[in-house]
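Numbering (UniProt numbering), first residue to last: 1 to 394. In this text, a Cβ means the ideal position worked out from N, Cα and C, and glycines have one as well.
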Amino acid sequence: MAIDPHDFLAVDDQLDADARAVRDTVRSYAAAELEPHVSDWYSAGGLPVEVAKELGKLGVFGMHLTGYGCAGLSATAYGVACRELEAVDSGLRSFVSAHGSLAMSAIHHWGSEEQRATWLPGMATGELIGCFGLTEAEAGSDPGSMRTTAVRHGDTWVINGSKMWITNGTFADVAIIWARATDPGDPDDGRIRGFLVPTDTPGFSATKIERKLSLRASVTAELWLDDVQLPASAALPGARGLSGPLTCLNEARFGILWGAVGAARACYLEALRHCDERSQFGRKLASFQLVQAKLAQMVVAVNSAALNAAHLGRLKDAGMIDPAQISFGKLANVRAAAEVARLARSLLGGAGITLDHTVMRHMNNLETVMTYEGTEEMHLLSIARSVTGISAFR
Ligand code: FAD
1 MAIDPHDFLA VDDQLDADAR AVRDTVRSYA AAELEPHVSD WYSAGGLPVE
51 VAKELGKLGV FGMHLTGYGC AGLSATAYGV ACRELEAVDS GLRSFVSAHG
101 SLAMSAIHHW GSEEQRATWL PGMATGELIG CFGLTEAEAG SDPGSMRTTA
151 VRHGDTWVIN GSKMWITNGT FADVAIIWAR ATDPGDPDDG RIRGFLVPTD
201 TPGFSATKIE RKLSLRASVT AELWLDDVQL PASAALPGAR GLSGPLTCLN
251 EARFGILWGA VGAARACYLE ALRHCDERSQ FGRKLASFQL VQAKLAQMVV
301 AVNSAALNAA HLGRLKDAGM IDPAQISFGK LANVRAAAEV ARLARSLLGG
351 AGITLDHTVM RHMNNLETVM TYEGTEEMHL LSIARSVTGI SAFR
């Protein structure tokens, strides 16, 4: 039986029909509509907002959520969509993660019925775009030290502070803002709460972060909240404390552990093609033992990551996944992808450093993917806490 170079261990044979249909749809859409333009978007430093809206038509926004216009597919099917998008560029998958897994999940998990009905249908189609503001300039890995405040005055919340590194921040219609809430009448006074902030609210502004060397096809912003006044109904009623945002981050990390497989696969396939086409010393690069060793190393890394993703997908779909297992997947798969991208770049020689090829774009992107949604170190600490029972975060 011939081995599929896209899928050496035939992992996709274990997917159900829905997930395979998602794979085929997203892969062919990506090949036709995204791949031809992505190096220009990367070069220009952002994704046109129209592309975001087109992705909504594809049905990938909140596709694993149920009701409110969302597709209600499995976590695995959502993971497969992330994999196929990130095979094009991590910035595209980031757009979908920040909008669907972070902003939409926050509303779906923690919102009131009215908030869900108001926001989710438009977000599912891409007519409304969301962002998720947790990180601050002085509170990254330690979001519990955030300084943004929400103070309740009668029926009004007043929010002050700023958020840093926020994906989709300049073109979002709604921002989920996490803030330390002061509400003297509430038993949870002083805890972190989430707020739905329409971005046209007076006092809200967003500035694009320029000069990024990584994830350039995704827009990243700093958000400013200066006496932003919101009705009492703007608070997400279900979220109290850090478990609110962390639940959403786990959803997004799950997408990342799948997405990394796509980035790794794209780098490996480009290197394989190049080594077959290019000759030096009168022979194809693919015929040299040292080159073959690198290709084989890539095959092992890409497909081990694919197995991880498929297994964790099954656990998640069975409702049996632990956040430390998601940490395992994110850490292992992003490391694997970064290793594959570096090997692939070396095999492309000088050509590998240009935007005419994908490998260095992926390699640069993966530096961000390793940092956001929990750095490598945070995931190491999470895995180790789970096996030792000792938290070494502080
Ligand atoms: P720091 O927390 O300052 O970490 C710096 C280094 O110190 C890291 O190596 C870290 O692992 C290490 N370190 C910190 N504490 C410890 C410790 N206890 N033990 C050992 N090592 C430690 N955030 C959002 O809220 N929403 C978004 O949409 C979003 N999008 C992003 C998009 C991009 C392109 C980027 C780059 C970031 C984005 N982020 C977003 C923020 C991201 O989640 C943070 O960058 C990340 O959590 C790390 O925080 P930091 O950058 O402040 O680094």
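### Message
Using only CA atoms, which one of 349, 341, 225 lies nearest to residue 365?
### Response
On the sequence shown, residue 365 is found 365 positions in, with the first residue counted as 1. Ranking 349, 341, 225 by Cα distance to residue 365 puts 341 first.
### Task
Have a look at residue 161 and residue 205 and give me their C-alpha separation to the nearest angstrom.
As a position in the sequence shown, residue 161 is number 161, starting the count at 1. As a position in the sequence shown, residue 205 is number 205, starting the count at 1. Distance between the alpha carbons of residue 161 and residue 205 is about 11 Å.
### Message
Across the segment 147 to 160 and the segment 119 to 132, are there enough close Cβ pairs to call them in contact, namely three or more that are closer than 8 Å?
### Response
no
### Message
Counting C-beta neighbours from all protein chains within 10 Å, is the total for residue 1 16 or more, i.e. buried, or is it exposed?
### Response
Residue 1 sits at position 1 when you count from the first residue of the sequence shown. Under this definition residue 1 is an exposed residue.
### Message
Is the separation between the beta-carbon of residue 169 and that of residue 228 shorter than 9 Å?
### Response
The residue given as residue 169 occupies position 169 in the sequence shown. The residue given as residue 228 occupies position 228 in the sequence shown. No.
### Query
Quick one: does the C-beta of residue 168 sit closer than 8 Å to a heavy atom of the ligand FAD?
As a working note, residue 168 is residue 168 in the sequence shown. True, at least one ligand heavy atom lies under 8 Å from that Cβ.
#### Entry: Spatial neighbours of residue 390 in its chain, beta-carbon cut-off 6 Å, leaving aside the 5 residues before and after
Here the question's residue 390 lines up with position 390 in the sequence shown. Closer than 6 Å at the Cβ level, and outside the excluded window around residue 390, lies no residue.
### Query
First and last residue of the alpha helix (DSSP H) that includes residue 256?
Walking along the sequence shown from the start, residue 256 turns up at place 256. Counting along the chain, the alpha helix (DSSP H) containing residue 256 begins and ends at 243 to 277.
### Task
Please work out which residues of its chain come closer than 8 Å, Cβ to Cβ, to residue 114, disregarding the five sequence neighbours upstream and downstream, and give them in chain order.
In the sequence shown, the residue the question calls residue 114 occupies position 114. Result list for residue 114: 233, in chain order.
### Nearest-angstrom beta carbon gap, residue 343 and residue 285 [assumed within contact, 8 Å]
As a working mapping, residue 285 is identified with position 285 in the sequence shown. As a working mapping, residue 343 is identified with position 343 in the sequence shown. That pair is no contact at about 13 Å.
#### Entry: Backbone CA spacing between residue 287 and residue 214 [nearest angstrom]
Residue numbering aside, residue 287 sits at position 287 when the sequence shown is read from its first letter. Residue numbering aside, residue 214 sits at position 214 when the sequence shown is read from its first letter. Looking at the two C-alpha atoms, the distance is approximately 33 Å.
### Query
Between residue 82 and the rest of its own chain, which residues show a CB-CB distance below 6 Å, the 5 nearest in sequence each way excluded?
Here residue 82 refers to the residue found at position 82 when the sequence shown is read from its first residue. Cβ within range, chain order: 93, 255, 258, 259.
### Task
Would you check whether the ligand FAD has a heavy atom nearer than 8 Å to the C-beta of residue 314?
For the purposes of this step, residue 314 is identified with residue 314 of the sequence shown, where counting begins at 1. Result no, Cβ not under 8 Å from the ligand FAD.
### Message
Which residue marks the beginning of the beta strand (DSSP E) containing residue 360, and which one marks its end?
### Response
Looking up residue 360 in the sequence shown gives position 360. Unbroken run through residue 360 is the alpha helix (DSSP H), 359 to 371; no beta strand (DSSP E).
### Task
To the nearest angstrom, report how far apart residue 410 and residue 60 are at their CA atoms.
Any answer about residue 410 is impossible in this case: the structure gives the chain only from 1 up to 394.
### Message
Give me the residue from 317, 185, 338 with the minimum Cα distance to residue 19.
### Response
Working through the sequence shown from its first residue, we reach residue 19 at position 19. Measuring from the Cα of residue 19, the nearest candidate turns out to be 317.
### Query
Ordered along the chain, which non-local residues of its own chain (more than five positions away) have a Cβ less than 7 Å from that of residue 395?
Because the chain is modelled from 1 through 394, residue 395 falls outside the range shown and cannot be assessed.
### Query
Can you list, in chain order, the residues of its chain whose CB lies under 7 Å from that of residue 247, leaving out five sequence neighbours each side?
Counted from its first residue, the sequence shown places residue 247 at position 247. Closer than 7 Å at the Cβ level, and outside the excluded window around residue 247, lie 109.
### Query
Can you tell me where the alpha helix (DSSP H) with residue 171 in it begins and where it stops?
By 1-based counting over the sequence shown, the position of residue 171 is 171. Here residue 171 belongs to no alpha helix (DSSP H), and DSSP marks it neither H nor E.
### Task
Assuming residue 313 and residue 79 form a contact by the criterion Cβ under 8 Å, report the distance between their Cβ atoms to the nearest whole angstrom.
Taking the sequence shown and counting its residues from 1, one reaches residue 313 at position 313. Taking the sequence shown and counting its residues from 1, one reaches residue 79 at position 79. That belief holds up - the Cβ atoms of residue 313 and residue 79 are roughly 5 Å apart, short of 8 Å.
### Query
In the DSSP assignment, what residue or residues form a beta bridge with residue 239?
Within the sequence shown, residue 239 is the residue found at index 239, counting from 1. For residue 239, which the question treats as bridged, DSSP gives no partner whatsoever.
### Query
Rounded to a whole number of angstroms, what is the C-alpha to C-alpha distance between residue 118 and residue 239?
Stepping through the sequence shown from its first residue, residue 118 is reached at position 118. Stepping through the sequence shown from its first residue, residue 239 is reached at position 239. Roughly 18 Å separates the two Cα atoms.
### Query
Which class does residue 145 belong to by DSSP, given the choice of helix, strand or coil?
Counting from 1 along the sequence shown, the entry for residue 145 is found at position 145. Helix at residue 145.
### Task
Out of 89, 28, 12, state which residue places its alpha-carbon closest to the alpha-carbon of residue 38.
Sequence index remark: in the sequence shown, residue 38 carries index 38 (1-based). Here the closest residue by C-alpha is 89.
### Task
Flag residue 142 as yes when its Cβ comes closer than 8 Å to any non-hydrogen atom of the ligand FAD, and as no otherwise.
Along the sequence shown, one-based indexing puts residue 142 at 142. Yes, the Cβ of residue 142 comes within 8 Å of a heavy atom of the ligand FAD.
### Message
Considering Cα atoms alone, identify which of 262, 384, 295 is closest to residue 345.
### Response
Position 345 of the sequence shown holds residue 345. Nearest of 262, 384, 295 to residue 345, Cα basis: 295.
### Query
CA-CA distance, residue 269 and residue 193?
Working through the sequence shown from its first residue, we reach residue 269 at position 269. Working through the sequence shown from its first residue, we reach residue 193 at position 193. Taking the straight line joining both Cα atoms gives about 44 Å.
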